[in-house]
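J.: FYI, the numbering for the sequence shown is 0 to 222, going by numbering that gives the first Met the number 0. Even glycine gets a Cβ: it sits at the ideal position worked out from N, Cα and C. Sharing a structure here in structure tokens format.
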Amino acid sequence: MTTVLITGANRGIGLALTRLYRERGDAVIGACREASPELAATGARVEAGVDVREEASVQALAQRLDGTRIDLLVLNAGILRRDDWDELGTAAFEAMREQYEVNALGPLRVARALDEHLAPEARIGIITSRMGSVGDNQSGGSYGYRASKAAVNAIGRSMAMDLQPRGIAVFLLHPGFVSTDMVGGRGEISPEQAARQLAARLDSLGLAETGTFWHSNGSPLPW
Ligand SMILES: NC(=O)c1ccc[n+]([C@@H]2O[C@H](COP(=O)([O-])OP(=O)(O)OC[C@H]3O[C@@H](n4cnc5c(N)ncnc54)[C@H](OP(=O)(O)O)[C@@H]3O)[C@@H](O)[C@H]2O)c1
0 MTTVLITGAN RGIGLALTRL YRERGDAVIG ACREASPELA ATGARVEAGV DVREEASVQA
60 LAQRLDGTRI DLLVLNAGIL RRDDWDELGT AAFEAMREQY EVNALGPLRV ARALDEHLAP
120 EARIGIITSR MGSVGDNQSG GSYGYRASKA AVNAIGRSMA MDLQPRGIAV FLLHPGFVST
180 DMVGGRGEIS PEQAARQLAA RLDSLGLAET GTFWHSNGSP LPW
């Protein structure tokens, strides 16, 4: 049986991924800050109290998982704080630091803490954003979010190089523009469709493609 661990599993894309992998018959560990009734209803093993900004909470998760082997790690938890050129005051800079903590350092912190749990030939999917693509940026703005996602792309690529000798593959995945709380329910696809597309990428990509950046629809994205 495949064991999947997903961060930010209580709502949005993380919840949809949890449902999808449970429906496939996988063992799913849903990590979150606070459990939700929807997450509990999936039948996943719920690991609450996991704040990806806090080393102690992530280390505590690693300890609770003692003896558990993870085949697929989906680093999904993330935040979006709006900031544009005309709004770059103290609060915006503070929000940039917060986004860097959650979106860039969060995935690295969780992956490193769970290192001993990663199965040989495990896969790691980092849910990044095409807004982190420097080459694709034609619209500006979103300084903190774009920078945090560009940073996690760099981090994911380094993880890919470091873990390749163990047969572990790392992918940077943009889910699409998805109707979740993050975007106020706007979006072009549902969380369920995003989850199906993300799972399809994680099924089809292998070690030969480790460290690459993809739209969930199967198109490669520029750095
Ligand atoms: N929606 C889109 O169009 C879109 C596009 C591109 C990329 N993405 C990326 O997709 C991922 C999922 O986003 P979403 O659309 O599903 O957003 P969402 O509905 O706002 O869900 C965000 C998830 O991240 C969790 N989270 C936030 N801060 C956390 C922290 N410090 N520690 C642990 N968990 C934390 C949230 O938990 P709480 O309930 O505790 O806050 C929630 O489970 C994010 O990385 C996002 O950047 C989304």
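Can you name, in chain order, every residue of its own chain whose Cβ lies under 6 Å from the Cβ of R252, other than the five neighbours on each side?
T.: In this structure the chain extends from 0 to 222, so residue 252 is not present and cannot be described.
J.: With burial defined as no fewer than 16 other Cβ atoms inside 10 Å of the residue's Cβ, what is the status of D50: buried or exposed?
T.: Buried, because 16 or more other Cβ atoms sit within 10 Å of the Cβ of D50.
J.: Which ranges does the beta strand (DSSP E) cover as unbroken runs of at least 3 residues, wholly within the region 38-65, from first to last along the chain?
T.: Taking only runs of at least 3 residues, the beta strand (DSSP E) segments lying wholly in the region 38-65 are 44-46.
J.: Compare the beta carbon distance of T6 and V109 with 9 Å and say whether it is the shorter of the two.
T.: Yes, the Cβ-Cβ distance between T6 and V109 is below 9 Å.
J.: Taking the alpha-carbon of A47 as reference, which of T41, I28, H214 has the nearest alpha-carbon?
T.: Closest option to A47, Cα to Cα, is I28.
J.: Short check: CB of R18 to CB of T1, under 9 Å?
T.: No.
J.: Buried or exposed, going by whether 16 or more other CB atoms sit within 10 Å of the CB of Q98?
T.: So Q98 ends up on the buried side.
J.: Which of helix, strand or coil does DSSP assign to G13?
T.: Note: G13 maps to helix in three-state DSSP.
J.: With a threshold of 8 Å, establish whether the CB of P190 neighbours any heavy atom of ligand 1.
T.: Checking the Cβ of P190 against ligand 1 gives yes.
J.: Do Y20 and L87 count as a contact pair if the criterion is CB distance below 9 Å?
T.: Contact: no.
J.: Can you tell me whether R201 sits near ligand 1, meaning its C-beta is under 8 Å from at least one heavy atom of the ligand?
T.: For the record, residue 201 in the displayed sequence is Leu; it is not Arg. No - ligand 1 has no heavy atom lying nearer than 8 Å to the Cβ of L201.
J.: When you compare each of G184, A150, A8 to W222 by their alpha carbons, which one comes out closest?
T.: If we check each option's Cα against that of W222, A150 comes out closest.
J.: Can you check the region 142-184 for any beta strand (DSSP E) of at least 3 residues that lies completely inside it and give the ranges in chain order?
T.: Correct list: 168-173.
J.: Please state whether the Cβ-Cβ distance between P164 and I12 is less than 9 Å.
T.: Their beta carbons are not under 9 Å apart, which means P164 does not touch I12 by this criterion.
J.: Let's see if you can read the secondary structure: which residues bound the alpha helix (DSSP H) around A207?
T.: Counting along the chain, A207 falls outside any alpha helix (DSSP H), and DSSP gives it neither H nor E.
J.: Alpha carbon to alpha carbon, how far is G166 from P119? Give it in angstroms, no decimals.
T.: Roughly 6 Å between the two C-alpha positions.
J.: Going straight from the alpha carbon of A112 to that of V57, what length do you get?
T.: Roughly 7 Å between the two C-alpha positions.
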